[in-house]
Amino acid sequence: MLDLTNKSILVTGGTGSFGKKFVETIFKRYPDVRRVIVYSRDELKQFEMSQLFPHSQYKAIRFFIGDVRDADRLKRACEGVDVIVHAAALKQVPAAEYNPMECIKTNVFGAENVINAALDTGVQRVVALSTDKAAAPINLYGATKLCSDKLFVAANNMKGPRDLRFSVVRYGNVIGSRGSVVPFFLEKRKDGVLPITHPDMTRFNISLEDGVEMVLYALEHAWGGEIYVPKIPSYRITELATAIGPNCEQKLVGVRPGEKLHEEMITETDSLNTIETDRYYVITPSTPTWSIDDYLSAFDGKRVAEGFKYNSGTNEEWLTVDQLRSEIRQHVDPQFNV
3 MLDLTNKSIL VTGGTGSFGK KFVETIFKRY PDVRRVIVYS RDELKQFEMS QLFPHSQYKA
63 IRFFIGDVRD ADRLKRACEG VDVIVHAAAL KQVPAAEYNP MECIKTNVFG AENVINAALD
123 TGVQRVVALS TDKAAAPINL YGATKLCSDK LFVAANNMKG PRDLRFSVVR YGNVIGSRGS
183 VVPFFLEKRK DGVLPITHPD MTRFNISLED GVEMVLYALE HAWGGEIYVP KIPSYRITEL
243 ATAIGPNCEQ KLVGVRPGEK LHEEMITETD SLNTIETDRY YVITPSTPTW SIDDYLSAFD
303 GKRVAEGFKY NSGTNEEWLT VDQLRSEIRQ HVDPQFNV
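In the working numbering, the protein residues as written are 3 to 340.
Here it is as structure tokens:
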């Protein structure tokens with residue numbers, strides 16, 4: 003079992019939705035953690051988060067102002083750190099299309115800086131957060147996250163004798179996270195009109211809690227170079243709109259630049275290196291530093307069928323309108339009603 007007692011953890015982009023839930027989980031599960039460092043560039047968000055985790059109660063928490071683009075600052079923040087969870091990213095698809103180099107600087111060069119800092123400071127485990135948009139990307143955000151994934155997978159080839167493992171977790175839309183469609187629809191239903199990009203659009207769905215559990219699983223079980231993909235349900239955007247505003251008009255507004263109708267997390271080509279375990283799919287590195295057969299045996303895994311792909315539009319598990327409402331009450335707004 004993963005034991006983070008007396009360990010130091012650094013979370014890049016730690017003031018985001020994931021970071022706050024991850025930090026909360028760490029303090030509940032590992033009260034004797036040595037340090038939890040929230041590394042981000044927004045002082046206001048750090049101040050607001052410090053009100054949720056006051057130092058008088060959470061004595062192990064630290065807030066570091068810094069940008070993953072700043073290699074020197076990041077390296078300094080990683081001194082004495084055992085674990086890095088890399089959540090920092092620019093992730094708004096239209097903003098990335100309009101400001102491509104800014105997205106590249108954070109998502110690609112920032113990933114390289116995290117890797118180099120880990121290699122230089124004695125870090126033992128690194129888990130990077132990815133996105134379904136990194137599979138067969140058609141937008142710049144997805145392309146930068148695919149580059150990031152490749153960097154973290156390949157970093158295992160450069161670690162030498164270090165006790166250091168890099169891995170990646172890739173998942174879909176987090177229900178209720180900042181900037182996601184659920185809070186947007188909850189706000190727009192006041193106007194009686196919900197904008198729908200396309201009537202056939204689908205998305206994967208995962209809760210923050212399940213995203214955190216996946217990161218903790220990767221920290222404990224990764225051999226180095228895996229991309230973990232969860233087995234999660236899909237939903238149709240029209241049914242989400244019905245769940246939130248059953249009496250609202252659903253107005254078609256067109257697909258945004260760089261947006262897909264359906265998201266993929268494992269492409270048909272990825273399936274050549276993909277295995278299935280009871281909880282997750284695992285895309286193994288094309289040049290692993292360990293035996294695939296040993297890995298299959300250790301995790302009671304099996305190779306996926308030839309031609310397998312994991313797509314939100316062809317997924318076998320779907321959330322109904324009632325289930326979506328239950329998810330919103332559980333993970334977004336306990337007072338939600340229609």
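Each residue gets a CB set at the ideal place from its N, CA and C atoms; glycine is no exception.
This structure is a prediction, so every number in the text was calculated from the model and none was measured.
>> Can you tell me whether Q59 is helix, strand or coil according to DSSP?
In response: coil
> Among residues of its own chain, excluding the 5 on either side of S288, which ones have a beta-carbon nearer than 7 Å to its beta-carbon?
Replying inline: N275
> Skipping 5 residues on each side, what residues in its chain have a beta carbon closer than 8 Å to that of T199?
Replying inline: I239, L254, V255, G256, V257, R258 and E261
>> Using a Cβ distance threshold of 8 Å, determine whether the region 243 to 251 contacts the region 186 to 198, with at least three qualifying pairs required.
In response: yes
> What are the boundary residues of the alpha helix (DSSP H) that includes K47?
Replying inline: E45 to L54
>> Quick check on H88: does DSSP put it in helix, strand or coil?
In response: strand
>> Tell me which residue opens and which closes the beta strand (DSSP E) that Y41 is part of.
In response: R37 to S42
> Counting Cβ pairs, one atom from each stretch, are 3 or more of them under 8 Å apart for the region 177 to 192 and the region 131 to 147?
Replying inline: no
>> Can you tell me where the alpha helix (DSSP H) holding R75 begins and where it ends?
In response: A73 to A79
> Residues in its own chain within less than 8 Å of F24 by CB, not counting five upstream and five downstream?
Replying inline: V13, G16, V87, A89, V214 and V217
> Mind checking P201: buried by the 16 CB within 10 Å criterion, or exposed?
Replying inline: exposed
> How would you write the range of the beta strand (DSSP E) that M267 sits in, first residue to last?
Replying inline: E266 to I268
> Are N175 and R127 closer than 8 Å when you measure CB to CB?
Replying inline: no
>> Could you check whether the region 269 to 285 touches the region 114 to 121, counting it as contact only if at least three pairs of C-beta atoms, one from each stretch, sit closer than 8 Å?
In response: no
> Can you give the Cα-Cα distance for F65 and G162, rounded to whole angstroms?
Replying inline: 31 Å
>> Can you tell me whether L166 is helix, strand or coil according to DSSP?
In response: coil
> L12 by DSSP, collapsed to three states: which one?
Replying inline: strand
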